[in-house]
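Each protein sequence line maps, in turn, to chains G and H.
Heads up: the first sequence at position 16 corresponds to 1304 in the numbering used here, and the numbers run straight through without jumps.
Heads up: the second sequence at position 90 corresponds to 95 in the numbering used here, and the numbers run straight through without jumps.
Positions of the beta carbon are idealized from the N, C-alpha and C atoms, including for glycine.
Quick caveat, the model's predicted, so the values are computed rather than measured.
Heads up: the structure comes next, in structure tokens.
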Amino acid sequence: MRRLTLLLLSVLPGLLAGCVVGRVYRDHPLDERKIAGLQRGVTTKEQVLQQFGPPQEIEARELVAVGVPFEQFLNRRGEKLPVDSLVGARYFRYTFSRGNAFGIILVLFNYLDFDQKNDSLVIFFDMNNVVQDYAFAKDTELLPRFGFWSR
Amino acid sequence: MKLGFQSAGALLLAGALATLVSACTVARYYYGAPLRGDPAVLVEGQSTKADVLHLLGPPLQINHQTDGDAFVYTYDRENFSSLTVREPISGQMIFTYRRDFDKRDTLVVLFDFVGVVRGVAVDHRTEELPAL
């Protein structure tokens, strides 16, 4: 009886253990077939928007900020250009984020593991709104499924 | 020395009580992926923005400076551990010890106006994280 009590008391903390598995998905996966179709010097910004939809990030910069004189583009001195002529989007960024959480909740000891990785596509445009360059990384493939057990 | 049943029971009860009032937590957080490519192959004044994108992939940040752009790549890791002791009846915290290490690998590539590499800086700090 005493041994049984001892055994029960020693395994009790183990019986109170819990496990946590969490998954976070933000935005939608990027289509690699469409990415393969991007051509430097050929694909236009309009085509990019048609294929990939609205980007998560648009970076635009005023020409004056990079030291490019825009007076030459004006028909008459003092005339103001429309804003969209002065500001050109330099790159679009598309991202898909995933996070995997894993935890072991014991009575005496808790372990938590959270890993977040992104698939990222950055497309640069030239002044004619044609793809100048792009880079893609599929880092979500590196996510461990069950924390340290999968690393 | 032999312990009686009551003494052993009291000891076990005390042990069980101790397990209910103290807890240790270890946590690991990872943001982003380890830096890819070897920045040592980049040649200042020669390598271009296209070379950098091909070698290192899309940067996490693109910053603008007065004399050109800067690509920033980072990989962030955090190791956290804590020990908490609580009073068993009221649940009031008696003692807490926390230790939090946040380290990152950072790579910065500077360009001039025409997109040629003018500077590279890399720092690997995640290797310094203590295991426990």
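Asked	Found
For H:E92, the three-state DSSP class (helix, strand or coil)	coil
G:F1434, buried or exposed, once every other Cβ within 10 Å from all chains shown has been counted against 16	exposed
First through last residue of the alpha helix (DSSP H) which encompasses H:H59	54–61
Interface flag, G:S1408 vs chain H, CB-CB below 7 Å	yes
G:Q1404 at chain H interface by Cβ criterion, 7 Å	yes
Below-7 Å beta-carbon distance, G:M1415 vs any chain H residue	no
Any C-beta of chain H under 7 Å from that of G:F1380	no
Separation of G:Q1404 from H:Y35, as counted between CA atoms	6 Å
7 Å Cβ cutoff, G:L1400 in contact with chain H	yes
Neighbour flag for G:D1319 against chain H, beta carbons, 7 Å	no
Range of the contiguous alpha helix (DSSP H) that encloses G:Q1338	1333–1340
Proximal residues of chain H, C-beta to C-beta of G:R1291 below 9 Å	Under the 9 Å cutoff, chain H gives no residues; its nearest Cβ is about 11 Å from G:R1291.
Contacts that G:F1424 makes with chain H (C-beta to C-beta distance below 8 Å)	G62, P63
Any C-beta of chain H under 7 Å from that of G:L1362	Annotation note: pLDDT 47 at G:L1362 (below 50); position unreliable, coordinate value reported separately. With 7 Å as the cut-off, G:L1362 does not count as an interface residue toward chain H.
Own chain, CB closer than 6 Å to G:K1333, minus 5 neighbours either side, in chain order	F1413, N1417
The region 51–58 of chain H touching the region 111–122 of chain H, judged by at least three CB pairs closer than 8 Å	yes
Proximity test, Cβ basis, 7 Å: H:L58 and chain G	yes
DSSP three-state assignment for G:A1389, whether helix, strand or coil	strand
7 Å Cβ cutoff, H:T53 in contact with chain G	no
Run of the beta strand (DSSP E) containing H:A45, from where it starts to where it stops	That residue, H:A45, is in no beta strand (DSSP E); it is neither H nor E in DSSP.
Helix, strand or coil at H:L115 [DSSP, three-state]	strand
Of the listed residues H:L17, H:G14, H:E133, nearest to H:N84 (C-alpha basis)	H:E133
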